[in-house]
């Protein structure tokens with residue numbers, strides 16, 4: 001692997017992971033609020 | 001609305017900082033392009049420290065004030081901290097292979113203590129799943145969160161205290177504040193990445209806290225419903 005490949009792998013996982021976590025968090029928050037509304 | 005604005009600002013900052021780190025800053029003379037991984041790697045490590053520091057402080061706050069909102073802060077920070085620790089480790093591995101020739105070395109104190117930090121806070125998150133009682137859970141988690149925070153200074157100063165593969169601090173140690181161990185263009189880019197990631201961290205903390213509160217309210221609603229059902233059954237007898 002070249003240096004560039006390691007750089008790409010590093011950034012894809014870190015920045016991509018940040019994006020995926022944010023999307024997952026939005027989804028969990030939406031689901032939690034929906035189930036909270038149902039409970040009421 | 002304010003949180004949404006924070007989210008947009010954080011997104012713009014992360015995109016800008018990543019673009020500068022990848023395409024604008026020149027490569028390092030010795031390490032070449034591999035050194036570009038340093039920017040998100042160091043930023044992730046800083047946010048791991050910050051997160052676990054918040055977990056410990058909020059844990060102390062819970063033990064003192066008995067306010068479950070503080071436990072929600074501690075829980076949120078721990079989850080986000082685990083993510084940033086994993087990012088720091090991954091970034092370090094991707095940097096280490098081309099520069100050191102290995103992804104990982106257990107003999108290195110910085111690497112090993114960081115792996116321990118990750119294990120401690122994964123344990124913290126697992127511990128939280130062991131009981132449904134919110135107060136008991138908060139107390140147990142607070143104790144573990146405070147004890148585990150002892151590893152934060154050990155991770156940070158491990159490069160000064162022991163010899164290993166990992167380089168000493170570029171910035172962030174007392175003697176490096178006015179005399180960083182890298183050219184200012186690299187330090188400026190690193191500070192930009194630190195700022196961008198910190199904004200993203202702040203946004204995620206707000207959202208994760210909102211989730212923790214929503215989950216706590218849902219848990220409470222279920223508990224009350226169960227109590228009411230039990231009481232109704234008792235009266236019917």
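Chains as they are written, first to last, in the numbering used here: chain Y, 1 to 40; chain U, 1 to 237.
Even glycine gets a Cβ: it sits at the ideal position worked out from N, Cα and C.
Checklist line | Helix, strand or coil at residue 28 of chain U according to DSSP, with G and I counted as helix | finding: Collapsing the DSSP output to three states places residue 28 of chain U in a strand.
Next item on the list: Note down, in chain order, every chain U residue with its Cβ under 9 Å from the Cβ of residue 17 of chain Y.
Entry: Within chain U, the residues near residue 17 of chain Y are 83, 86, 87 and 90.
Check: Do residue 37 of chain U and residue 10 of chain Y have their C-beta atoms within less than 8 Å of each other?
Finding: Between residue 37 of chain U and residue 10 of chain Y, the C-beta gap is smaller than 8 Å, which places the two residues in contact.
Item checked: Candidates U/95, U/46, U/42 and U/14, of which the one nearest residue 31 of chain U by Cα -> Of the candidates U/95, U/46, U/42 and U/14, the one whose C-alpha sits nearest the C-alpha of residue 31 of chain U is U/95.
Note to self: Please classify residue 185 of chain U as buried or exposed, where buried requires at least 16 other C-beta atoms within 10 Å of its C-beta.
What the structure shows: By the 16-neighbour rule on beta-carbons within 10 angstroms, residue 185 of chain U is exposed.
Next item on the list: Select from the region 16–32 of chain U all residues with a C-beta closer than 9 Å to any C-beta belonging to chain Y, and list them in chain order.
Entry: The residues in question are 18, 21, 22, 27, 31 and 32.
Check: Skipping 5 residues on each side, what residues in its chain have a beta carbon closer than 7 Å to that of residue 145 of chain U?
Finding: So the list reads 55, 56, 59, 74, 78 and 124, once near-sequence residues are dropped.
Next item on the list: Output, in chain order, the set of chain Y residues within a Cβ distance shorter than 9 Å of residue 204 of chain U.
Entry: Simply 18, 21, 22 and 25.
Check: What whole-angstrom Cβ distance do residue 167 of chain U and residue 155 of chain U have, given they're in contact under 8 Å?
Finding: Between residue 155 of chain U and residue 167 of chain U the Cβ distance is about 14 Å, and since that is not below 8 Å, they are no contact.
Check: Looking at the C-beta of residue 100 of chain U, does it have a partner C-beta in chain Y at a distance below 8 Å?
Finding: No, no contact with chain Y.
Item checked: Residues of the region 219–232 of chain U whose Cβ lies closer than 8 Å to any Cβ of chain Y, in chain order -> For the region 219–232 of chain U, the set of residues with a beta-carbon nearer than 8 Å to any beta-carbon of chain Y comprises 221, 222 and 225, in chain order.
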